[in-house]
Amino acid sequence: MTLRLGEEFPNFKLKTTGGDFQLHDWLGDKWGILFSHPADYTPVCTTELSRAAKLAPEFAKRNTKLIGLSCDSIENHHGWI
1 MTLRLGEEFP NFKLKTTGGD FQLHDWLGDK WGILFSHPAD YTPVCTTELS
51 RAAKLAPEFA KRNTKLIGLS CDSIENHHGW I
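In terms of UniProt numbering, the sequence shown has 21 at position 21, counting the first letter as 1, and numbering is strictly consecutive.
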């Protein structure tokens, strides 16, 4: 499936470290950037997420939210964060 800028991303629901999550509810009327990281406990993951956190205020000024995606389990995330 290929999406183009401005097209609506399919909604999804899942469990997160912060509880239940539904993409469209979380986004509201804002833009969103979905990014992934390789794995918890890795140097790349740490640098990618810290850079995204530093840039989040700039994206917020542009009505945009960031969300990270990982293949690791919720339990693994809780141990890592």
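Note that beta-carbon positions come from the ideal geometry of N, C-alpha and C, so glycine has one too.
(1) Locate the beta strand (DSSP E) running through L14, then write down its first and last residues.
(2) Rounded to a whole number of angstroms, what is the C-alpha to C-alpha distance between K65 and R4?
(3) Between which two residues does the beta strand (DSSP E) carrying L3 extend?
(4) Suppose only complete runs of 4+ residues qualify. What are the alpha helix (DSSP H) ranges in the region 22-80, listed by chain order?
(5) Determine the contact status of W31 and N11, defining contact as a CB-CB distance below 7 Å.
Let me spell this out:
(1) K13 to T16
(2) 18 Å
(3) That residue, L3, is in no beta strand (DSSP E); it is neither H nor E in DSSP.
(4) 23-27, 43-61 and 74-80
(5) no
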